[in-house]
Amino acid sequence: MRMNNAGVLCLSETSTRGSVIVKDDGKIAYYPTRVNWTLASDPEGLSDSDLLTVLEASFHTPEPDALDALWKIVAEDECKAYFIEQYDRYNFPGDGYSDKIAESIRYALERYSIPQVWNLIYYTMKGLAALLQDSRYTRRHVYNMIPGNIRRRVDNSIANNYEVRPWGRQSEAKEAFLTSLFFDKILGGGTEDFNLVNSSNIGAVADRLGEIPF
Numbered sequence: 195m196r197m198n199n200a201g202v203l204c205l206s207e208t209s210t211r212g213s214v215i216v217k218d219d220g221k222i223a224y225y226p227t228r229v230n231w232t233l234a235s236d237p238e239g240l241s242d243s244d245l246l247t248v249l250e251a252s253f254h255t256p257e258p259d260a261l262d263a264l265w266k267i268v269a270e271d272e273c274k275a276y277f278i279e280q281y282d283r284y285n286f287p288g289d290g291y292s293d294k295i296a297e298s299i300r301y302a303l304e305r306y307s308i309p310q311v312w313n314l315i316y317y318t319m320k321g322l323a324a325l326l327q328d329s330r331y332t333r334r335h336v337y338n339m340i341p342g343n344i345r346r347r348v349d350n351s352i353a354n355n356y357e358v359r360p361w362g363r364q365s366e367a368k369e370a371f372l373t374s375l376f377f378d379k380i381l382g383g384g385t386e387d388f389n390l391v392n393s394s395n396i397g398a399v400a401d402r403l404g405e406i407p408f
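Counting in the numbering used here, the sequence shown runs from 195 upward without gaps.
So, in structure tokens, the structure goes:
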């Protein structure tokens, strides 16, 4: 993958055991679409302009694996930030953004876009926050209900063909640089793509890309 070779992306420690293979000679092999990717903490010392150059080179001839990896980074970071906002808003106990919660959000992103997952997170946290005041539930128990509740909302919405309305961002100033770059420059669809793209259709988006308007 070009962005991995350029030092922009690196394998995440959250990658599952089955996605990475250690060969007999000690070398590591991996399945690009199954591992989790993350931005390098200091991508080869690249400035923003250098990073743009690498991304431009990568996406003038779109590489589906790279597009999928970058999408997952952007989507999971956006949903993590929104989750933490709601977690703090309702003063939930527990471990914050746990691995199980991260898994449930990745599950939601398989079928829903970033702002649609915000919607699911919002109603999950709002509903469970009411239970924090219910003496029948310990605060820890309520926190532990979050991942399963998110998954059930996804499954119920799909099974009943419910429309999940994309949630609007409260302030455009909060949009991360990489999010703007990905949807405005790489995909080119801006808000429309932001509201529609999910893990299931990102491949079709890659197929539609031609010359990227940098």
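All residues carry an ideal CB built from backbone N, CA and C; glycine is no exception.
query                                                                                                              : result
Whether residue 285 touches residue 322 by CB criterion (9 Å)                                                      : no
Nearest neighbour of residue 267, chosen from 296, 279, 292 and 290 [CA to CA]                                     : 296
Delimiting residues of the alpha helix (DSSP H) encompassing residue 313                                           : 308–325
Exposed unless 16 or more other CB atoms sit within 10 angstroms - verdict on residue 364                          : exposed
Supposed contact pair residue 290 and residue 278 - C-beta distance, whole angstroms, cut 8 Å                      : 7 Å
Test: residue 299 CB closer than 9 Å to a CB of chain C                                                            : No chain C is present in this structure, which holds just one protein chain.
With 16 other Cβ atoms within 10 Å as the buried cut-off, status of residue 398                                    : exposed
Residue 279 beta carbon near the ligand SAM (any heavy atom closer than 8 Å)                                       : The model depicted lacks the ligand SAM and carries no ligand whatsoever.
7 Å Cβ shell around residue 311 - same chain, five flanking residues per side excluded                             : 273, 299, 302 and 303
Inside the region 347–406 only - alpha helix (DSSP H) runs reaching at least 4 residues                            : 371–374, 384–390 and 396–402
Host alpha helix (DSSP H) of residue 298 (start-end)                                                               : 293–303
Rounded straight-line distance, which links the Cα of residue 395 to that of residue 353                           : 19 Å
6 Å CB neighbourhood of residue 390 in its chain, flanking five on each side removed                               : 307
Outcome for residue 270 when other beta-carbon atoms lying within 10 angstroms are tallied against a minimum of 16 : buried
Residue 286 - DSSP class collapsed to helix/strand/coil                                                            : coil
Proximity to residue 369 [Cα-Cα], best of 357, 358, 384 and 359                                                    : 384
Cα-Cα separation between residue 236 and residue 293, rounded to whole angstroms                                   : Here the model assigns residue 236 a pLDDT of 48, short of 50, so the residue's position is not dependable and the matter cannot be decided.
Reduced DSSP secondary structure (H/G/I, E/B, other) of residue 330                                                : coil
Rounded Cβ spacing between residue 316 and residue 361 (contact assumed at less than 8 Å)                          : 6 Å
Close beta carbons around residue 340, own chain, < 7 Å, minus the five adjacent residues each side                : 295, 318 and 322
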